[in-house]
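Peer 1: In the order they appear, the protein sequences are chains A and B.
In terms of my numbering, the first sequence has 269 at position 269, counting the first letter as 1, and numbering is strictly consecutive.
For my numbering, add 469 to where a residue sits in the second sequence, where the first one is 1.
Number of protein chains: 2
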Amino acid sequence: MALADLEKLEHNEAGIAVALGVLRQRFAEQLQTSQALREQHAHTTTYLPPQLPDAVLFAQSQDDVQEAVRICAAHKTPIIAFGTGTSLEGHVNAPAGGLCIDLSRMNRILAVNAEDLDVTVEPGVTREALNAHLRDMGLFFPIDPGANASLGGMAATRASGTNAVRYGTMRDNVISLKAVMPDGQLVSTGARARKSSSGYDLTRLLVGSEGTLGVITELTLRLQGIPEAMSAAICSFPDVGAACNATIMAMQAGLPMARIELLDAASVSAINAYSSTEFPESPLLLLEFHGSSGGVAEQAEMFGAIAGECGGSGFEWVSKAEDRNRLWKARHDAYWALRAARPGTQALSTDVCVPISRLAECVVETERDIAEAGLYGPILGHVGDGNFHAALSFRPEDPDELARAEGVVERLALRALEMEGTCTGEHGVGQGKRRFVRREHGAGADVMIAIKNAIDPDNIMNPGKMLAL
Amino acid sequence: MALADLEKLEHNEAGIAVALGVLRQRFAEQLQTSQALREQHAHTTTYLPPQLPDAVLFAQSQDDVQEAVRICAAHKTPIIAFGTGTSLEGHVNAPAGGLCIDLSRMNRILAVNAEDLDVTVEPGVTREALNAHLRDMGLFFPIDPGANASLGGMAATRASGTNAVRYGTMRDNVISLKAVMPDGQLVSTGARARKSSSGYDLTRLLVGSEGTLGVITELTLRLQGIPEAMSAAICSFPDVGAACNATIMAMQAGLPMARIELLDAASVSAINAYSSTEFPESPLLLLEFHGSSGGVAEQAEMFGAIAGECGGSGFEWVSKAEDRNRLWKARHDAYWALRAARPGTQALSTDVCVPISRLAECVVETERDIAEAGLYGPILGHVGDGNFHAALSFRPEDPDELARAEGVVERLALRALEMEGTCTGEHGVGQGKRRFVRREHGAGADVMIAIKNAIDPDNIMNPGKMLAL
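#1: For Leu-807 (chain B), does the count of other Cβ atoms within 10 angstroms reach 16, so buried, or fall short, so exposed?
#2: How about Arg-411 (chain A): is its C-beta nearer than 8 Å to some C-beta of chain B?
#3: Does the segment 501–520 of chain B come within contact of the segment 543–558 of chain B, defined as at least 3 CB pairs closer than 8 Å?
#4: For Gly-535 (chain B), which residues in chain A fall below 9 Å Cβ to Cβ?
#5: Can you tell me whether Cys-569 (chain B) is helix, strand or coil according to DSSP?
#6: Identify every residue that forms a DSSP beta bridge with Asp-587 (chain B).
#7: Considering only DSSP beta bridges, list what Lys-647 (chain B) is partnered with.
#8: Please report the straight-line C-alpha distance between Leu-402 (chain A) and Leu-375 (chain A), rounded to a whole angstrom.
#9: Taking only the alpha-carbon atoms, compute the straight-line gap between Val-318 (chain A) and Leu-284 (chain A) and give it to the nearest angstrom.
#10: In terms of residue numbering, what span does the alpha helix (DSSP H) encompassing Arg-326 (chain A) cover?
#11: Counting contacts by CB-CB distance shorter than 8 Å, is Ala-73 (chain A) in contact with chain B?
#12: Taking the straight line between their C-alpha atoms, what separation do you get for Leu-796 (chain B) and Met-181 (chain A)?
#13: Can you list, in chain order, the residues of its chain with a C-beta nearer than 8 Å to that of Gly-777 (chain B)? Leave out the 5 residues immediately preceding and following it.
#14: Could you check if Gln-299 (chain A) is buried or exposed, using at least 16 other CB atoms within 10 Å of its CB as the buried criterion?
#15: Out of B:Val-684, B:Glu-687, B:Phe-758 and B:Arg-640, which one is the CA nearest neighbour of Asp-670 (chain B)?
#16: Establish whether the CB of Thr-247 (chain A) and some CB of chain B are separated by less than 8 Å.
#17: Look at the alpha carbon of Cys-779 (chain B) and the alpha carbon of Pro-725 (chain B), and state the distance between them as a whole number of angstroms.
#18: What number of angstroms, rounded off, separates the C-alpha of Ile-460 (chain A) from the C-alpha of Val-447 (chain A)?
#19: Could you list the residues in the segment 296–312 of chain A with a C-beta less than 7 Å from some C-beta on chain B, going in chain order?
#20: Using a beta-carbon distance below 8 Å, is Asp-225 (chain A) in contact with chain B?
#21: CB-CB under 6 Å to His-11 (chain A), same chain, minus the five flanking residues each way: which ones, in chain order?
#22: Is it true that the CB of Gln-535 (chain B) sits closer than 8 Å to the CB of Ala-443 (chain A)?
#23: Just the chain B side, please: which residues come within less than 7 Å of His-441 (chain A) by C-beta, in chain order?
#24: Of all the options A:Ala-450, A:Arg-194, A:Arg-204 and A:Ser-349, which has the alpha carbon lying nearest to the alpha carbon of Glu-406 (chain A)?
#25: Alpha carbon to alpha carbon, what distance is there between Glu-679 (chain B) and Leu-492 (chain B)?
#26: Can you pull the DSSP bridge partners for Thr-422 (chain A)?
#27: With 8 Å as the threshold, decide whether the Cβ of His-560 (chain B) is near any Cβ in chain A.
#28: Mind pulling the chain B residues with CB within less than 7 Å of Ala-253 (chain A)?
#29: Short of 6 Å in beta carbon distance, which residues of its chain neighbour Arg-864 (chain B), apart from the five on each side in sequence? Order them along the chain.
#30: Is it buried or exposed, Asp-925 (chain B), if we count other Cβ atoms within 10 angstroms and call 16 or more buried?
#31: With a CB to CB cut of under 8 Å and the five nearest residues on each side skipped, what residues in its chain are close to Arg-105 (chain A)?
#32: Note down, in chain order, each residue of its chain lying with its Cβ closer than 8 Å to the Cβ of Cys-713 (chain B), except the 5 sequence neighbours on either side.
#33: Whose C-beta lies closer than 7 Å to the C-beta of Arg-873 (chain B) among residues of the same chain, with five residues either side of it excluded?
#34: Which residues in the same chain have their Cβ closer than 8 Å to the Cβ of Gln-693 (chain B), if we skip the five residues on either side of it in sequence?
#35: Mind listing which residues of the segment 874–901 of chain B have their C-beta closer than 7 Å to chain A's C-betas, in chain order?
#36: Within its chain, find whatever has a CB closer than 6 Å to the CB of Pro-547 (chain B); leave out the 5 residues flanking it on each side and keep chain order.
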């Protein structure tokens, strides 16, 4: 069981008690220690059991964060950064207790530079809040994990979503950031140049570092102009392999698809039930095209021809904005749809990413494995990236079912690694995938540990996550 | 003078002598110590005076590199990785002597995965050799610094070029790599998944590390399908500001330009003389559009309208492949054109990158500064990225002229930093820009040094570059 792998971390009760005393003096009501709030800050959409922090600090400024980190550093008190709590792999658990820094009140949009297509935000701004703010300016920020996550959290976990095939992931869309390091120093990893060859890429080092190197307090993000035309489409396929082939052909032809999402038959069925949609219940691609009206029409036509060659059918346009929004809302609600398909269950949502040429094989083997494990676990994913999710349903009161789900996760991660892929494409490592890091990275894990030890020698930044030190 | 800033590095003669003895036994003729070869390996297109390594090893395999690094590590002997020697900031100088590892014989293309749009190569493959190999498969690799550089060197300096506005830089196009670290361990930073949330981003840490953390021995790169249609265009503008405004408007409109290059009047004049072209001698944009035939025509038409609004004139199509190739050949030969414009001179080629909204201001101030310094120094650049170059001409026998050129470089770097930019967009830091790293990165420089010390505690990997330890 995954939890058995969790490091036994020492709980520095004496140090934490002193730190909390100092923090309370400094922050008064901003610091909370009620059981309810502490539970709320360990409870996320993960299947992993909660581990509560000793206190929650509602930070309101960079200065707050800096001061809190300095106090915690002085007393070797763990620090867990918290955005919206939508992570899936136990990133915000506090296995050694300590201080949860809730950044949701740091939610100001500091500057939109329309000419440079960039925006500077505090880490607590959510992706939906940012896009609501940008809409009237004709701009948008494309990265869209299922949840309405905070941008700081999205950077910390190197999140992506349905638009990554066209616009990249957080890796590609964070121009620079500011972070409070374990010694309390504020580091700025760059300014607003779109590219730089000056120094080590600290932006990319912090993106995906899962709070283990520092607390992100500001981000400058790349924006896109809202395209003149956007059009979605759906297309059914006889099997997952055919859908993957169509995707490969379209990408080789250089079709700049904005979104290309795969749902297996079980996912379609669950989404239909939850979102009152009427998609045909066989493997389905959901697509979106961005561009000029002429370009979008041309792209869709080319894709239609490719899909036809691959055995696709029922290619259907979704051009009206409200229909398009309903389509993607249904896709984004997939996690809840899959849980609702079996009332009273939880979902262990896992993801891997493989080269697209191996995707069909990986999905089919995983479907078989899930069936053989006697589990309900629909598969859906970002097929243009080779990234897919399995949502493995389990009853919390049935430890055997959870154990079988964890077996599927283990075999899936190893299958992805064998296929030259990665154990997680966008969910991150957190606690849940820590046991795969050395298998994936080999000697690279030692380099990661050397970096972690150099920057955070006392291991106060989100201890017990990502790396097995 | 820049060289005065170079760290006085200890030359570990005793250790190097022992290492060379061991290396000679192991590598026989692969190890060379002739003055001519050592000079050739310190002589690059940089303006900085050469500093020779003690020996040059022609590595033929990953094993060679690994063994050489282990021997050097045992005797604290500096290691300088060498690709084609086209760097501009003294990256391959050997200020503390040591072993130059020439990787040009590691030039095999190991695997093309057409379905996944990726390729795995050894580091000595040049960008032109790769593209020649890919052409018949309908694929290409877009990153194109002026020189026919090696892909290992391009990764090490985080190179880009004229296509970066559409396809990104080496940062975005290296999927994963292998590197021999200072302890001789071979690290693989990933496999072939297009994205990953597993662990620190070691790929991006090594890209742009300028050989200071390890020697890159293999790269997996992202490829593009050759577009159905490609079309270039030129357009003149009354001044640099107008050309920048047209670029900003086109990018805000979401026009997916593949290339958009700015030449100032002096650059146009030098290029016309060197390449027998007949461009109008005022600020000029060179553009390229990639897509379907319909899409390309539409993009060009939209850009034409925008350029007209901004005072552009003489918008002219270049559709025939041979004319297009001549156009970009002329652009890529700009460095030589600028040197030829003043026979007997060398060029100090410097670059910065600023937010595009500040580009016109930065270019105009720099033109004025160059004129006031009494120098000949045309400006040209990748305007879509906000990245531009000044090629400052100087007579090697005139130390005052070089000093004035270095003054321009200093003021230009600081001007870029003031404008929220970076001291180098694509040339890298090397020796020439080391003095700006702390000013640009502040406390971030300490984080970089901590990483360097953790990974390379004896400072054997390209010492005296990038960081002032």
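Quick reminder that beta carbons are idealized off the backbone N, C-alpha and C, glycines included.
Peer 2: Taking the geometry as given:
#1: buried
#2: no
#3: yes
#4: Sequence inspection shows Gln at residue 535 (chain B); the Gly mentioned does not correspond to that position. Ordered by position in chain A, no residue passes the 9 Å Cβ test against Gln-535 (chain B), which lies about 12 Å from the chain.
#5: strand
#6: B:Asn-582 and B:Arg-691
#7: B:Ser-657 and B:Glu-687
#8: 10 Å
#9: 14 Å
#10: 321–332
#11: no
#12: 48 Å
#13: Phe-784
#14: buried
#15: B:Arg-640
#16: no
#17: 19 Å
#18: 19 Å
#19: Glu-298
#20: Reading the sequence as shown, one finds Gly at residue 225 (chain A) and not Asp. Cβ-Cβ to chain B under 8 Å: yes for Gly-225 (chain A).
#21: Ala-96 and Gly-97
#22: no
#23: Gly-668
#24: A:Ser-349
#25: 24 Å
#26: A:Cys-353
#27: no
#28: Gly-694
#29: Thr-814 and Glu-870
#30: buried
#31: Phe-58, Ala-59, Gln-60 and Gly-124
#32: Leu-731, Ile-825, Leu-828, Ala-829, Val-832 and Val-852
#33: Ala-842, Gly-843 and Leu-844
#34: Leu-586, Leu-608, Phe-609, Phe-610, Pro-611 and Tyr-636
#35: Glu-889, Gly-890, Thr-891, Cys-892, Thr-893, Gly-894, Glu-895, His-896, Gly-897 and Val-898
#36: Ala-565, Gly-567, Ile-929 and Pro-932
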